[in-house]
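As you go down the protein sequences, you meet chains A and B in turn.
The working numbering puts the first residue of the first sequence at 3, with every later residue one more than the last.
The working numbering puts the first residue of the second sequence at 3, with every later residue one more than the last.
These notes are about the structure you will find just below.
2 protein chains.
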Amino acid sequence: MLYVYRFGNSKADGSARLSALLGGKGAGLAEMTNLGISVPPGFTINTKVCVQYLKTGKYPKKLLNEVKQGMKFIEQITGRKFGSAENPLLLSIRSGAKASMPGMLDSVLNLGLNDSTVDGLAKQTKNRRFALDSYRRFLEMFSEVVFDLPIEEFEKIFDTEKNRQQFKLDSDLTENTLEYIIRHYKIKVLELTGKSFPEDPFDQLWMAITAVFESWNNPRAQEYRRIYKIPKDWGTAVNVQAMVFGNMGETSATGVVFTRNPANGENEPYGEFLLNAQGEDIVAGVRTPKPIEWLEQTHPKNYAQLLRILKKLENHYRDMSDVEFTIENNRLWILQARRGKRTPRAAVKIAYDMHAQGMIDKAQAIMRISAKDIEALLHPMISEKEKITPLVKGIPASPGAISGQAIFSTGKAIKLGRKGIKVILVRTKTSAEDVGGMAHSVGFLTATGGMTSHAAVVARGMGKPCIVGCEEIKIDESGQKAMFGDLEIKQGMKITIDGTSGAVYSGELKTQEPELSQEFKTILQWTDQIKTLQIRTNADTPQDALVARKFGAQGIGLCRTEHMFFGAKRIWPMREMILASTSEQRARALSKLLPFQKQDFIGIFKAMAGLPVTIRTLDPPLHEFLPKDEKQIASLARRIKLPVEKVKQRINLLKEDNPMLGFRGCRLGITYPEITEMQAQAIFEAACELTRQGVKVLPEIMIPLVGTQAEFVHQEKIVERVASLMMAKYQIKISYTIGTMIEVPRAALVANEIAREADFFSFGTNDLTQTVFGYSRDDAGKFLNQYLDKKILESNPFETLDTNGVGQMIKMAVRLGRKSKSNLKIGICGEHGGDADSIDFFHKIGLDYISSSPYRIIGARIAAAQAVLKYKKYTPH
Amino acid sequence: MLYVYRFGNSKADGSARLSALLGGKGAGLAEMTNLGISVPPGFTINTKVCVQYLKTGKYPKKLLNEVKQGMKFIEQITGRKFGSAENPLLLSIRSGAKASMPGMLDSVLNLGLNDSTVDGLAKQTKNRRFALDSYRRFLEMFSEVVFDLPIEEFEKIFDTEKNRQQFKLDSDLTENTLEYIIRHYKIKVLELTGKSFPEDPFDQLWMAITAVFESWNNPRAQEYRRIYKIPKDWGTAVNVQAMVFGNMGETSATGVVFTRNPANGENEPYGEFLLNAQGEDIVAGVRTPKPIEWLEQTHPKNYAQLLRILKKLENHYRDMSDVEFTIENNRLWILQARRGKRTPRAAVKIAYDMHAQGMIDKAQAIMRISAKDIEALLHPMISEKEKITPLVKGIPASPGAISGQAIFSTGKAIKLGRKGIKVILVRTKTSAEDVGGMAHSVGFLTATGGMTSHAAVVARGMGKPCIVGCEEIKIDESGQKAMFGDLEIKQGMKITIDGTSGAVYSGELKTQEPELSQEFKTILQWTDQIKTLQIRTNADTPQDALVARKFGAQGIGLCRTEHMFFGAKRIWPMREMILASTSEQRARALSKLLPFQKQDFIGIFKAMAGLPVTIRTLDPPLHEFLPKDEKQIASLARRIKLPVEKVKQRINLLKEDNPMLGFRGCRLGITYPEITEMQAQAIFEAACELTRQGVKVLPEIMIPLVGTQAEFVHQEKIVERVASLMMAKYQIKISYTIGTMIEVPRAALVANEIAREADFFSFGTNDLTQTVFGYSRDDAGKFLNQYLDKKILESNPFETLDTNGVGQMIKMAVRLGRKSKSNLKIGICGEHGGDADSIDFFHKIGLDYISSSPYRIIGARIAAAQAVLKYKKYTPH
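And the structure:
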């Protein structure tokens, strides 16, 4: 068995299949070499050597000889000599594990430089300053990696000398100064380690190899492995490779090129290059690179070669590639080829085209599209030309760009919105009381809150652009103006928000409407043939329902009934109902609400004709519906003919310390059965009337926040009784089901008991995440960022489902539920229903459907199809 | 096989062993008869007949004949004849299932009465009025049970006639009136059923038997079975028994007697009787019964007989019995014997004495004591003589009686308390801000809140009497007075609260201190030899710790560190720390708190020398420490040299929508590691200094509200680092452990991951109940009573652990935790640690210890021993 796998001159000992042994980088270099692509020659010391060395502190006996053979191999191909003062071979020593661990492990470049080889480099490059600067950098890097010396010690020397000589830029340093610095670097090494810096290139090589192996166990790598669950015993490989230089005069160049256009997906190479330069010059952006086509003029042969290689790489990897190359004295070297990053638009086009070209099949085409990013294609964007510097930035909570008047109060937003004026509601935060104003606004902007704050959730539900947590906004107490960073924005001034990027602009910027390409529509049809999860939508209004249907929703998975009570005519009887002191008073107020609810359901059932509609009975704490300011309280008191003080007392009684865990969900309908009765009556009257008109209605009634079987049964009986009464009254039979949300841990723990009674489960993952973690969504901002920074959490559990905790709870409930009722229909209607990673999990554990906000449906369709394709490999069916 | 089991004349077909077949009552009657005790003769139709009848609607063929034989048997023994107009035999027909289902199933008394036998009864009793009244009652009962007629129809007839005749009391009705009523009852039956009331006694009998069997399936019985999980297919037996009458003149009597004194446990019969009376006369309380001893004067033979029977019953059941008897014409009949209810004090005495007499073993003695009720023995009680009518009543939240000045503000309570004045703090509700005032009060009284409200929890922790949810108290806005129901109580007026009963009295009542009897101490020693659970205490002060030790605590299971910061000198640096804007400022404030914390721990470690002390790091939301009123805010602003507006802003930033799920627990220590550092330093400095003095210290540091392994590791590392530093500084080795509270569901779900790092788990069942149910303890009052009334919940889950939901979560965590670390120490420190039913569960699932408030330790010791004895039967070891 080999310890050292060589590659170069179109032949390699390894291949892509050996990534466990050679690491990702080593396997890739071998693969390219085997393809006949000119990669700078080198060799890979395999991961087994690493494991053995870290365990025993010793290398295999045969390793030394194999490395020497490897060195000879490189010298032969490059025609250079390691340690030569005339034509020195320089090496890069890089780590490369099976899994990518960017920046965690160590590397050393320009290895082989010493006081004599530096002259050789100067001759080769005809640039002594460059050679000296490379030497200086090598000394720093080697000292840090191999001797573990603090980089600051070298920076101090460098800066002191730079200041003393009054140089402004690093590039101003003269050769003399660099020589001075190099001398002092070596003195520092001697001083700190007690040993001279190793002059022998082979000593350097051996020390660097050892350092890279040892870096596998540095603390940050250990931490990274812990987080990403990478086994400790994989170890890293070490890649030793010849350095090539693009800065050997006008015969040399360096560049980056994509095999297709990464912005729009057009099938033409797209890239840029610099003559007489190193790769880092392109990154640094000091010189402006030229379009790749221009390379034909200076290096026609190399350009033709490059095009052939690009084609070859694409054909081989069957994907758009991002290729780094260097031309050293008219010789083309490919340094790296990897999967090219692309915009969502380009991803769709490339996937479609490659399928049309016969390069990939439909499944592969679908896998090429990022379900996460695709939503950006569906919303208006700020025109390319318009882009200026934003005033402030916040968290992009609901995508799309829109302009409108900045309005700081809900009342004002309603007033202007009704007149047809485009309003952007700007608030410190929003609550259920603001929903009326939000319905009349085109977008929202809040100073506090995260991805799952009230504003963000409502915005995504309504499909309106929204930015939250924009902390630089301070709304004046007068409510007439606000500071946006340093700029004062008066109420009524125009602003533009881009919910895709989180940027807020002053004034009205032009936006462009998106359109789904024919290619995209075709791919979406493929996903529907593949996916097994049904995709439903969360929608509270006929408008939302229609948008969702356009995007391919297969039903409504969550229709919240509470937002229906915030309209001007409805909020008063709602408040009357809440403050009623007898059940007769309550029934009277509810009877005023009944016609409204019925009309709401008629609209929604019509929009969703032929598809199932899951309606959740009243859920939020009642105090959300009550007025907070004196004027409104006084007005309410007049309407319900009670003294103001009495009204205030009752409002106070409804206040809660922890409303999230308080009097809400089915606790309302159990305490006040009249509420559930009214809602059931509205649902079944609407259903009967539409059925009579020939509209197909499939109502599913969902009881929220159930934690015990008895709670469910209590509400189920009410709904069944009202349903029978209404069906008898209309002489019409409606086929309906009654199910529950699983959103507190207890419901999951006793899912077997609940499933004996319920027709379906729908996981409310927002609340379940809150209760499983004990995090309030509204308050978690105080520590959640710290938790993400300190890697206590990998991701925000309100955005991507915590499969390890919350997910286990869900799995348990699915198992227990299906044990009682094998055909139990199970879905999910929390925010996670629109998150691709979470959809993957929901597919895996066997849910029947997910429900997401309308604009996330397309992404969900893709994610659901991808999940099928992903697990098909393991469980073919 | 028999369908009918007869009993009478010292011989029975059945026995106590046959309770499944004969029901509890039937088996008991058989058992007593077999003992030679004179029970009115009768027979039991077994439960199999019930099951068959309910399934098929038919009786076994042989049943009729067996019932007839049974009737002959009764007639023979009593010398009476069923249906006779001279000497009629009357029967009682009662249900009796295997499990007790009090009041759920039907019974009929005085069966056999008709227009002719009523004359016989009049002759027998020499009381025609009584005979007619019995007949009237029989008609009502039979009609309701057998014909399912609404009782109101009969009450209407009765009341109309009573009013027409202007009678005040039922007993004023004349024979004529009763005859009139009886006639109209029969007319009503004919009117409602279309049939005459059955005159034939045997028809009556058969109809009553059927009705009792059918009552097994009435809705309230079904509901009861659902709640108490009694299988539907058990069925009920029917007991047919001769009626006997204690009202046949001065030769007759009726009474109730306990085999020992149920109040103090003295070994002497204790009871009372009435001459010429029925059992209901004793219950009604119209005539005053005489002490049982007086029976010797009128019925010397019967009295001697009764004493022999009492002895026999006690020897047979080996327990104190409660016996109902009737003497009919100088003949003694025992109607019922059951386990006698007794006070906690009597329970201890009886158990000890019976063991001393060799009647029961130690295990049985322990099982005889109610772990739930025993706490009442430990607190002062209101003197027997003092009892007057309470002003108002609330929920008894922490037992014991105490008098003091009613004080309505925390500030005033502190002021007076410091002067040594006994203060009862009366508040609408309490919060962490009141803890200072509570420490200076002798008891608390709140208008709102339940058993687990802040006031209740703190009170039980401090062992001070407390009443909560006393809704008739309205504190005036002035804070100077309050309405206690209709009475105005001015601040400073004396009141007395009895936290054992929930009663509030005006003025100062005498109380008496309890003392543990020698018997009780002996039994407690037995429990310690048996129980396997360790019993620790929740204690935050050396005083609490000493009380707990006296009661037998084996360590501290929860020492909360936050209450330590409310003292006058400590609250200011605490607030400074909270509002610090840099970590230097925070460290400075913390360094002021350090000496206080260290002193606290020195005190507690000393009090607990040689026993483990579990200290929880800071847990509550920080805003609990911040001032709310303007004056205090201004004062804080001056101290920390910030503008008042700025201070208000910062306080506002810390406000939370759902503090229970907010920035608290280890989230504090992770965001501000300086806090954990300071606390660790205080713990280890205290431990080192005491160890140096020769005190044995066993600290266990507990990290609260952990939900992920990473959270625990973060805090663990800090504690370990500080511990090493301190031990090095003092040159002393402390053996300590670091563990965590399991109080959010996620911790239970990933308990295997956390157990890899943690030394111990302690379940915080209060918070776990909140998060598993999604109930806020502070807000659940709004629906929890409804839930208990509507039987949605069997008991308040904050008092008795919800074994079905929360318990399953705990079991899972125990299993997962021990999978990772088989010797993981596991305990529980929530309120349930002091609840007997919950302790039973904790023992069963294999916990190592429970921790309860000091005054609940003795009950916990008993409950822990009882759990061992209970499960020993099934799993001997």
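Don't be surprised by glycine CBs; every beta carbon is placed ideally from N, CA and C.
Handout entry: Top-ranked residue by Cα proximity to arginine 96 of chain A, from A:Ala18, A:Glu146, A:Glu157, A:Ala213
Key = A:Ala213
Practice task
Tell me whether glycine 451 of chain A sits in a helix, a strand or coil according to DSSP, three-state version.
Solution key: coil
Practice task
May I have the straight-line CA-CA distance separating glutamate 435 of chain B from phenylalanine 410 of chain B, to the nearest angstrom?
Solution key: 14 Å
Problem - Cα-Cα separation between phenylalanine 204 of chain B and lysine 63 of chain B, rounded to whole angstroms - result: 17 Å
Handout entry: Outcome for proline 790 of chain B when other beta-carbon atoms lying within 10 angstroms are tallied against a minimum of 16
Key = Note that residue 790 of chain B is leucine in the sequence shown here, rather than proline. Burial call: exposed.
Exercise for the section: Indicate the three-state DSSP secondary structure (helix, strand or coil) for aspartate 355 of chain A in the structure shown. Expected result: helix
Problem - Coarse secondary structure for glutamate 713 of chain A, derived from DSSP in three states - result: helix
Exercise for the section: Measure the C-alpha to C-alpha separation of glycine 59 of chain B and phenylalanine 215 of chain B and round it to an integer number of angstroms. Expected result: 11 Å
Practice task
Note down, in chain order, all residues in the stretch 658 to 691 of chain A with a beta-carbon under 7 Å from any beta-carbon belonging to chain B.
Solution key: Glu658, Asp659, Asn660, Pro661, Met662, Leu663, Gly664, Phe665, Arg669, Ile672, Thr673
Handout entry: CA-to-CA distance, isoleucine 384 of chain B to isoleucine 390 of chain B, given in whole angstroms
Key = 10 Å
Exercise for the section: Jot down the residue ranges of each uninterrupted alpha helix (DSSP H) in the stretch 132 to 190 of chain A, minimum 4 residues, whole runs only, in chain order. Expected result: 153 to 166
Exercise for the section: Could you name the residues of the same chain whose beta carbon sits closer than 7 Å to that of valine 697 of chain A, not counting the 5 residues immediately before and after it, in chain order? Expected result: Phe607, Lys608, Ala611
Practice task
Please confirm if lysine 643 of chain B has its CB atom under 9 Å from at least one CB of chain A.
Solution key: no
Exercise for the section: Starting from the C-beta of glutamine 206 of chain A, find all residues in its chain whose C-beta is less than 6 Å away, skip the five residues before and the five after it, and write them out in chain order. Expected result: Leu113, Pro200
Practice task
Check whether the Cβ atoms of glutamate 713 of chain A and isoleucine 705 of chain A lie closer than 9 Å to each other.
Solution key: yes
Exercise for the section: Flag isoleucine 794 of chain B as yes if its beta-carbon sits less than 9 Å from any beta-carbon of chain A, otherwise no. Expected result: yes
Problem - Short Cβ contact (9 Å threshold) for glutamate 510 of chain B with serine 405 of chain B - result: yes
Problem - Residues from the stretch 602 to 628 of chain A in contact with chain E, defined by Cβ distance under 7 Å - result: Among the chains of the structure shown, chain E does not appear; the protein chains present are A and B.
Practice task
Give a yes or no on whether the minimum CB-CB distance between phenylalanine 843 of chain B and chain A is below 9 Å.
Solution key: no
Exercise for the section: Output yes if chain B places a C-beta closer than 9 Å to the C-beta of glutamine 810 of chain A; else output no. Expected result: yes
Problem - C-beta atoms of leucine 535 of chain B and tyrosine 851 of chain B nearer than 9 Å - result: yes
Practice task
Give the residues of chain A in contact with serine 385 of chain B, contact being defined as C-beta atoms less than 9 Å apart.
Solution key: In chain order: nothing, as chain A lies at least about 39 Å away.
Problem - Interface residues of chain B facing glutamine 788 of chain A [CB-CB closer than 9 Å] - result: Arg669, Ile672, Thr673
Practice task
Go ahead and pull the three-state DSSP assignment for phenylalanine 917 of chain A.
Solution key: Here chain A covers residues 3 to 879 and nothing more, so residue 917 of chain A does not appear.
Practice task
With a 10 Å radius around its C-beta and 16 neighbouring C-beta atoms as the bar for buried, classify asparagine 951 of chain B as buried or exposed.
Solution key: Residue numbering for chain B in the displayed model covers 3 to 879; residue 951 of chain B lies beyond these limits and cannot be assessed.
Exercise for the section: Find out if the Cβ-Cβ distance for the pair lysine 2 of chain B, threonine 448 of chain B is shorter than 9 Å. Expected result: Since the first residue shown for chain B is 3 and the last is 879, residue 2 of chain B is missing from the structure and cannot be characterised.
Exercise for the section: Pull up the distance between the alpha-carbon of asparagine 220 of chain A and that of leucine 107 of chain A, whole angstroms please. Expected result: 8 Å
Exercise for the section: With a threshold of 16 other CB atoms inside 10 Å of the CB of arginine 185 of chain B, please say whether the residue is buried or exposed. Expected result: exposed
Practice task
Name, please, each residue of chain A whose Cβ falls closer than 7 Å to the Cβ of glutamate 713 of chain B.
Solution key: Ile794
Practice task
Apply the 10 Å Cβ neighbour rule to glutamine 531 of chain B and answer buried if 16 or more other Cβ atoms are within range, or exposed otherwise.
Solution key: exposed
Handout entry: Listed by chain order, chain A residues near aspartate 780 of chain B by CB distance under 8 Å
Key = Glu658, Asp659, Asn660
Exercise for the section: Answer yes if the stretch 534 to 550 of chain A comes into contact with the stretch 502 to 509 of chain A, meaning at least three C-beta pairs across the two stretches below 8 Å, and no otherwise. Expected result: no
Practice task
Pick helix, strand or coil for isoleucine 794 of chain B, following the three-state DSSP scheme.
Solution key: coil
Practice task
May I ask you to report which of helix, strand or coil DSSP gives asparagine 825 of chain A?
Solution key: coil
Exercise for the section: Starting from cysteine 472 of chain A, follow the beta strand (DSSP E) in both directions and report where the run begins and ends. Expected result: Note, cysteine 472 of chain A: premise wrong, no beta strand (DSSP E); not H, not E.
Handout entry: Short CB-CB distance (under 9 Å) between tyrosine 876 of chain B and chain A
Key = Legend: pLDDT at tyrosine 876 of chain B = 43, less than 50; position of this residue unreliable, value from coordinates given subsequently. Closer than 9 Å: no.
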